[in-house]
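Quick note: to get my numbering, add 155 to the position in the sequence shown (first position is 1). Reviewing the structure listed below.
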Amino acid sequence: MSENKGERIAKVLARAGLCSRREAERWITAGRVSVNGKVLESPAITVSASDQVVVDGKPVGDAEPTRLWRYHKPPGLMTTNMDPEGRATVFERLPKDMPRVLSVGRLDLNSEGLLLLTNDGELSRRLELPEMGWTRKYRVRVHGHVDEDKLARLKKGITIDGMRYASIEAHLEQTTGHNSWVAVTLREGKNREIRRVMEALGLSVNRLIRTAYGPFQLGNLVRGGVAEMPPKVLRENLQIKSERPGYRKPRA
């Protein structure tokens, strides 16, 4: 945490890679967090480097240098730490030598492709914000007749059952039999957005692959593979600097 000024406790826990800021607030409400020996009842507290922060009886250390990984998520995995139905999760399949990480957004059970992972909860939250203006790119295999005019009109946005979806760029790549591949680019990435939009066009999605998230590409990363982004790439694409509040410059 900053030595010159304090930070909100939830932000400190997120930066330490323990959890997201929202999850940190739940931990505090549950009485799992204490500062200088006093159990917190509210997340509305600021702490400094001189304060002793403890979670579940264990001291919280300084934030680690920010790190980011590309992960090729296979279908059939949940993007959650624990699934109440007992289904396998992304985090159970990661290499054992990886630190605790959070996902940047999610891919649903049957979706696959690029999933970004980070040890910095603040960075995870930041990269999910629409204000970043980052596009998400997908290759989508659909069953049914593709009307290219309807795809083109998605650029103006679409409302489905009262839910407004912003501009979506979609174009037909190829058709084989009753299946077609459609390239889709969007910025918001709402829950099950592509599947719902395609269903509204009379199409059923039978494969969905995310190929890019902002400047980061899936590339030739093998299914289930993990690749850490070099510090130089983080500095160039995320403007992470040592003096930037809330972030630590990755070690070279």
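Ideal Cβ positions, reconstructed from N, Cα and C, are used throughout, including at glycine. Predicted model, so just to flag it, every value in this text is computed and none were measured.
Contact annotation: the region 249-267 touches the region 220-235, with at least three C-beta pairs closer than 8 Å.
By the neighbour-count criterion, in which 16 or more other beta carbons inside 10 Å mark a residue as buried, Pro198 falls on the buried side.
Note on geometry: alpha-carbon atoms of Ala307 and His333 lie some 20 Å from one another. Excluding five sequence positions before and after Glu303, the CB atoms of its chain that fall closer than 6 Å to its own CB belong to Leu327, given in chain order.
With a cut-off of 8 Å on Cβ pairs, the region 209-216 is not in contact with the region 377-396, counting fewer than three such pairs.
In terms of Cβ geometry, Glu343 and Pro285 form a close pair [threshold 8 Å].
Residue pairing from DSSP places Leu271 in a beta bridge opposite Arg225. No alpha helix (DSSP H) of 4 residues or more sits fully in the region 207-266. A buried status is given to Lys292, since no fewer than 16 other beta-carbon atoms sit within 10 Å of its beta-carbon.
Residue range 176-184 is occupied by the alpha helix (DSSP H) that includes Glu180. Here Thr273 is not near Leu232, since their CB atoms are 8 Å or more apart. As for any beta strand (DSSP E) of minimum length 3 sitting wholly inside the region 273-352, the runs are 291-298, 313-315, 318-320, 324-331, 334-341, ordered along the chain. Ile364 carries a strand assignment under DSSP once its states are collapsed to helix, strand and coil.
Around Ala325, the same chain offers Leu306, Leu309, Val337, Val339 as residues with beta carbons nearer than 6 Å, after the five sequence neighbours per side are excluded.
Straight across, the Cα-Cα distance linking Asp206 with Lys166 is about 14 Å.
DSSP, reduced to helix, strand and coil, places Glu383 within a strand of the structure shown. With contacts defined as CB atoms closer than 8 Å, Leu269 and Thr366 qualify as a contacting pair. One thing to note: Val245 has its Cβ no nearer than 8 Å to the Cβ of Ser266. At a Cβ-Cβ threshold of 8 Å, Arg280 and Arg176 count as neighbours.
Taking 8 Å as the cut-off, the Cβ atoms of Ala169 and Glu283 do not count as close. For Val167, the uninterrupted alpha helix (DSSP H) segment begins and ends at 164-170.
Collapsing the DSSP output to three states places Val388 in a helix.
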